[in-house]
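Some notes on the structure that comes next.
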Amino acid sequence: MLKELQISGKELEGRAIEHMRHLLARLPLAANNLQVEEQPRLGSLQPDFLISLGSGPERWILVCEVKSDGQPRNIRYAALQVREYVNRGPGNQRAYPVVIAPYISPASQAICREMEVGYADLAGNSHLAFGDIYVDRQVAENPFRRRREQRSLFSPKSARVLRVLLTDPLRPWKVEDLARRARVSLGLVSKVRTMVVDREFGAAKRGEIRIVSPYKLLEEWQSAYVPLRSFRKLYYTALHGEKLQSAIVDAFASNEFVIALREELPKLLLSSFSAARWFAPYARVAGEYFYANEGEENILVKQLKLETVSRGENVVVDRPKDDGVYLESMEPKKGLRSTGLIQTYLDLHAAGERGAEAAVHFREQKIDPVWKGLA
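Residues in the sequence shown are numbered from 186 upward in steps of one, following the working numbering.
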């Protein structure tokens with residue numbers, strides 16, 4: 186069972202020391218001499234603790250920095266600190282920098298390896314490479330996963346902010362402009378900004394934020410994505426082919442929808458395969474898919490002559506949990522409205538094996554050209 190680690194400060198440092206003792210106990214250098222030493226300050230740098238291994242010419246000092254949060258930005262900063270501490274130390278001292286946290290994610294591990302800094306976490310991941318010593322261990326799952334933060338970053342309200350950022354990742358957004366565009370509070374934008382920067386998906390500068398790693402953010406979002414529908418209605422229509430497409434156009438052109446569109450957001454959108462079909466057709470999937478609020482759903486029922494069914498449906502209407510899904514809409518054809526690039530991709534990817542294949546095709550055709558040159 187996943188759990189949150191709720192220790193910090195001296196208690197976490199104590200756990201880190203004991204974990205390192207256990208990890209290093211089997212090493213030849215530690216067999217006769219392993220001790221924790223005081224951490225002398227070098228200028229403004231002072232690691233959390235030092236571990237002495239071996240003796241004489243075989244003596245090594247592990248310079249250890251402990252972080253309560255293993256997010257990439259925190260780990261990168263800690264790695265810079267301990268590496269600089271080692272570089273400033275006596276030239277005759279064999280020292281190796283190490284960062285420690287409750288859990289160090291694969292992204293944070295990659296940062297440490299790139300910077301040639303060792304790491305260890307309380308979940309069991311470790312990588313130490315100094316002298317003749319090499320330790321490399323991986324675990325499959327984070328037992329200290331911060332589920333609340335994961336939910337918070339990809340919650341329906343936060344998703345409004347992410348969709349805006351990913352739709353135009355090259356643009357730097359001011360917090361006020363982003364809040365206005367996403368129709369959320371300044372406080373929520375600030376929280377999302379912090380989480381995005383901490384995970385190194387984005388960069389903040391002078392009150393602005395922009396996405397620097399959109400693919401990594403989208404990959405994490407799709408893995409955590411839960412469809413936005415509050416409930417789903419299944420319908421059948423006897424209309425097919427051109428008659429069905431003509432009826433869909435008529436629904437978007439109806440007086441009821443046009444009047445509603447003048448007053449607020451377009452709360453009727455083609456979604457999933459129906460949206461992708463207009464931009465980057467891939468797999469031929471029977472049926473039409475929509476997001477719609479109650480009034481707009483009634484328009485569809487009337488124009489498409491829909492009948493409620495429990496199976497054998499060829500029209501699916503989802504009621505979204507949050508109206509933010511309507512904010513980043515597109516116009517695939519004059520008069521029609523569909524979900525935006527990011528929402529279409531996420532819904533395709535969540536639609537099973539054929540949907541995942543269609544999502545990759547959609548991304549290559551419609552998203553990659555927008556994100557060209559970004560990681």
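We treat Cβ as the ideally placed atom computed from N, Cα and C, and that holds for glycine.
State the start and end residues of the unbroken alpha helix (DSSP H) segment that holds P399.
399 to 409 is the span of the alpha helix (DSSP H), which, as asked, contains P399.
In terms of alpha-carbon separation, which member of D233, A364, N440 lies closest to K487?
Ranking the options by Cα distance to K487, first place goes to N440.
Tell me whether P213 sits in a helix, a strand or coil according to DSSP, three-state version.
In this structure, P213 counts as helix in the three-state DSSP scheme.
Return the residue from the list E243, A367, D553, Q256 that minimises the CA-CA distance to G387.
The candidate whose alpha carbon is nearest that of G387 is Q256.
In whole angstroms, give me the CA-to-CA distance for S179 and L247.
Because the chain is modelled from 186 through 560, residue 179 falls outside the range shown and cannot be assessed.
Are L230 and Q266 close, meaning C-beta to C-beta below 9 Å?
Yes, Cβ-Cβ distance for L230 and Q266 is below 9 Å.
Keeping to the same chain, check which residues put their C-beta closer than 6 Å to that of P412; ignore five residues upstream and five downstream.
So the list reads A535, once near-sequence residues are dropped.
In angstroms with no decimal places, state the Cα-to-Cα distance between K518 and W463.
C-alpha separation (whole angstroms): 8 Å.
With DSSP as the reference, label W245 as helix, strand or coil.
Residue state, collapsed to three classes: strand.
Under 6 Å Cβ to Cβ from V555, same chain only, skipping five residues before and after it: list those, please.
Contacts found: none.
When you compare only the Cα positions, how much space is there between A292 and Y511?
Straight-line Cα distance between these residues: approximately 32 Å.
Helix, strand or coil for E492, going by three-state DSSP, please let me know.
Correct three-state label for E492: strand.
If you follow the alpha helix (DSSP H) that I433 is in, where does it begin and where does it stop?
Segment 426 to 438, the alpha helix (DSSP H) holding I433.
Would you please verify whether the beta carbon of S398 is less than 9 Å from any beta carbon of chain B?
Note that chain B does not occur in the displayed structure, where there is just one protein chain.
Are the region 476 to 493 and the region 542 to 552 in contact at 8 Å, needing three or more beta carbon pairs?
Taking 8 Å as the limit for Cβ pairs, the verdict is that the region 542 to 552 does not touch the region 476 to 493.
Rounded C-beta distance between A543 and F458? I'm assuming under 8 Å.
Between F458 and A543 the Cβ distance is about 7 Å, and since that is below 8 Å, they are a contact.
Could you spell out where the alpha helix (DSSP H) holding R258 opens and where it closes?
R258 -> alpha helix (DSSP H) spans 257 to 273.
Taking DSSP's pairing of strands, which residues face W358 in a bridge?
According to DSSP, W358 bridges with I394.
Tell me the DSSP bridge mates of P505?
R414.
Along the beta strand (DSSP E) that carries P282, what are the first and last residues, could you check?
Here the beta strand (DSSP E) through P282 covers 280 to 286.
Count the CB pairs spanning the region 301 to 319 and the region 346 to 366 that are closer than 8 Å, and state whether there are at least three.
At 8 Å Cβ cutoff, the stretches do not touch.
Using beta-carbon positions only, say whether K418 and V501 come within less than 9 Å of one another.
Yes, Cβ-Cβ distance for K418 and V501 is below 9 Å.
Determine the DSSP secondary structure at G387, reduced to helix, strand or coil.
Strand.
With 16 as the cutoff for other CB atoms within 10 Å, does Q323 come out buried or exposed?
Burial call: exposed.
On the DSSP bridge assignment, give the partners of R322 in chain order.
DSSP output for R322 lists S311 as bridge partner(s).
Considering only residues of the same chain and omitting the five flanking positions on each side of K195, which have a CB-CB separation below 7 Å?
Cβ within range, chain order: n/a, list empty.
Distance check for T379 and L424, CA to CA, integer angstroms please.
Each residue's alpha carbon lies about 49 Å from the other.
How about L531 and M515: are their beta carbons less than 9 Å apart?
No. Outside cutoff.
Here's the rule I'm using: 16 or more other beta-carbon atoms within 10 Å means buried, otherwise exposed. How should R522 be labelled?
By the neighbour-count rule (16 or more Cβ atoms within 10 Å), R522 is buried.
DSSP beta-bridge partners for V221?
In the DSSP output, where bridge partners are listed per residue, V221 has I236.
Is the beta carbon of G480 sitting closer than 9 Å to the one on K506?
Against a cut-off of 9 Å, the Cβ pair of K506 and G480 comes out as no contact.
Which same chain residues end up closer than 8 Å to K359 when comparing Cβ atoms and leaving out the 5 residues on each side of it in sequence?
Once the five neighbours on either side are set aside, the close Cβ partners of K359 are G392, E393.
Taking the alpha-carbon positions, what's the R356 to A389 distance?
If you take the alpha carbons of R356 and A389, they lie about 12 Å apart.
Can you tell me whether DSSP reads A292 as helix, strand or coil?
Helix, per DSSP.
Taking the beta carbon of S290 as the centre, do at least 16 other beta carbons fall within 10 Å, making it buried, or is it exposed?
Buried, since its Cβ has 16 or more Cβ neighbours within 10 Å.
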